[in-house]
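S.K.: Those protein sequence lines, which keep their order, are chains A and B.
The numbering of the first sequence is my numbering, which starts it at 1457 and goes up by one.
The numbering of the second sequence is my numbering, which starts it at 358 and goes up by one.
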Amino acid sequence: MILTPPVIAREVLRLLHAAHEAKAAGTPLDLHASLVAALLGMFFSFIAGLAALRWLSSWLENGRWYLFGIYCLLASIAVFALHLRGY
Amino acid sequence: MSLLKVLILAIVQGLAELLPVSSSAHVVVAEKLLGLDPTTPEMTLILVMLHTGTMFAVIVYFWNQWKRSYFATADAFKRFAIRAIWATLLTAIIGYPIIELIEKTAFKGLPKADIEQLFGRLDLVAAALFAAGLLILWAGTRQRDAEAEATTPTIAPSRALATTSPSGKLAGWERFRAFACHFAASRAPERRSPPVCSPARTASEPSASASLWR
């Protein structure tokens, strides 16, 4: 929470800098669309997070956490396969 | 970027944030599958804002409990504030040199390099997920051992702030105390509350997790 505002500021500055460079290169970025997309993303993830909290909390309470370890191992293999396929 | 893609990324973030898996990794992979470039400033801003959204969701969800825990008395708030500041400082002290190190070694020779460029490396994401999986499995084994010994765990408050859920389990915590502290330390330091993370809770006290997961 404390680090969030500086991190957001860093990313906004990075975006502004990229927009400035893109404009100089003759390929301007749609800054407005990027900022709107970011704000919409925050709103949607807020809703999704709240829904997931209500939905998953009871399941997590009875869940077996080692399954998440297995999931991470399998996910890492899948992600590495995606990497090999050029993603 | 279309509204649908933003919505998909938000759902991925919302679900993955609550599980002991890397939400950033899941969002980055989803971006790749959607044909987006996670290293661009637009996408890294969206990634940060997605995390901010779920952070607010957690704050709203746990607000009543935290209000009782953190703002009940001036002393409780002071304790919380000190620990939150320590958690933030420790994160910065550990994280910032790592960022500098990566930018000066992995990106050596590149005229302009940001740590965000690593988001495009799925091989690194895969390695990080693998390491997280091993850590969770190891933590689960340790937890079972700890439960078998039926001992009451104790832990220093400073460690409570610095932990995530697998490391919390390695430290011998019960599942939801570790999970709550994972939230508190890695997403919003305010979320960590003395009833959840306090080292002093004994077996005779009611479990914080019972009220935490209502």
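For each residue, glycine too, the CB sits at the ideal point set by N, CA and C.
Let me check understanding here. Comparing Cα to Cα, which of A:1472, A:1483 and A:1503 lies closest to residue 1490 (chain A)?
M.R.: Taking the first residue of the first sequence as 1, we reach residue 1490 (chain A) at position 34. Closest by alpha carbon: A:1472.
S.K.: Can a CB atom of chain A be found closer than 8 Å to the CB of residue 411 (chain B)?
M.R.: By 1-based counting over the second sequence, the position of residue 411 (chain B) is 54. True, the Cβ-Cβ gap to chain A drops below 8 Å.
S.K.: Can you pull out the residues from the region 1457-1471 of chain A whose beta carbon lies closer than 7 Å to at least one beta carbon of chain B?
M.R.: Residues passing the 7 Å Cβ filter: 1457, 1458, 1459, 1460, 1463, 1464, 1467, 1468, 1470 and 1471.
S.K.: Show which residues of chain A have a CB atom less than 7 Å away from the CB atom of residue 374 (chain B).
M.R.: Here residue 374 (chain B) corresponds to residue number 17 of the second sequence, with the count starting at 1. Here the neighbours are 1505.
S.K.: Closer than 7 Å: is that where the CB of residue 446 (chain B) sits relative to any heavy atom of the ligand SAM?
M.R.: No copy of the ligand SAM appears in this structure; indeed no ligand is present at all.
S.K.: Output yes if chain B places a C-beta closer than 8 Å to the C-beta of residue 1494 (chain A); else output no.
M.R.: Numbered from its first residue, the first sequence carries residue 1494 (chain A) at position 38. Output row for residue 1494 (chain A): interface = yes.
S.K.: Below 9 Å on C-beta distance, what does residue 464 (chain B) contact in chain A?
M.R.: Translated into positions along the second sequence, residue 464 (chain B) becomes position 107. Ordered by position in chain A, no residue passes the 9 Å Cβ test against residue 464 (chain B), which lies about 15 Å from the chain.
S.K.: What separation, rounded to the nearest whole angstrom, lies between the Cα atoms of residue 394 (chain B) and residue 1534 (chain A)?
M.R.: Reading the second sequence from its first residue, position 37 is the one you call residue 394 (chain B). Reading the first sequence from its first residue, position 78 is the one you call residue 1534 (chain A). Approximately 19 Å between the Cα atoms of the pair.
S.K.: Run the CB neighbour count on residue 417 (chain B), radius 10 Å, all protein chains shown included, and call it buried at 16 or more, exposed below.
M.R.: Residue numbering aside, residue 417 (chain B) sits at position 60 when the second sequence is read from its first letter. Exposed, by the Cβ-count rule.
S.K.: In terms of alpha-carbon separation, which member of B:398, B:367 and B:364 lies closest to residue 1554 (chain A)?
M.R.: In this structure chain A extends from 1457 to 1543, so residue 1554 (chain A) is not present and cannot be described.
S.K.: Quick check: what's the CA-CA separation for residue 472 (chain B) versus residue 439 (chain B)?
M.R.: For this step, residue 472 (chain B) is matched to residue 115 along the second sequence. For this step, residue 439 (chain B) is matched to residue 82 along the second sequence. About 29 Å.
S.K.: Using a threshold of 8 Å, state whether the C-beta atoms of residue 402 (chain B) and residue 1477 (chain A) are closer than that.
M.R.: As a working note, residue 402 (chain B) is residue 45 in the second sequence. As a working note, residue 1477 (chain A) is residue 21 in the first sequence. In this structure, residue 1477 (chain A) does not lie closer than 8 Å to residue 402 (chain B) by Cβ.
S.K.: Buried or exposed: residue 430 (chain B), going by 16 or more other Cβ atoms within 10 Å of its Cβ?
M.R.: Counted from its first residue, the second sequence places residue 430 (chain B) at position 73. Its Cβ having fewer than 16 others within 10 Å, residue 430 (chain B) is exposed.
S.K.: Rank B:421, B:432 and B:367 by C-alpha distance to the C-alpha of residue 1503 (chain A) and give the top, closest one.
M.R.: Indexing the first sequence from 1 puts residue 1503 (chain A) at position 47. Of the listed residues, the one whose Cα sits closest to residue 1503 (chain A) is B:367.
S.K.: Taking Cβ to Cβ, would you say residue 482 (chain B) is nearer than 8 Å to residue 382 (chain B)?
M.R.: Within the second sequence, the letter at position 125 stands for residue 482 (chain B). Within the second sequence, the letter at position 25 stands for residue 382 (chain B). Yes, the Cβ-Cβ distance between residue 482 (chain B) and residue 382 (chain B) is below 8 Å.
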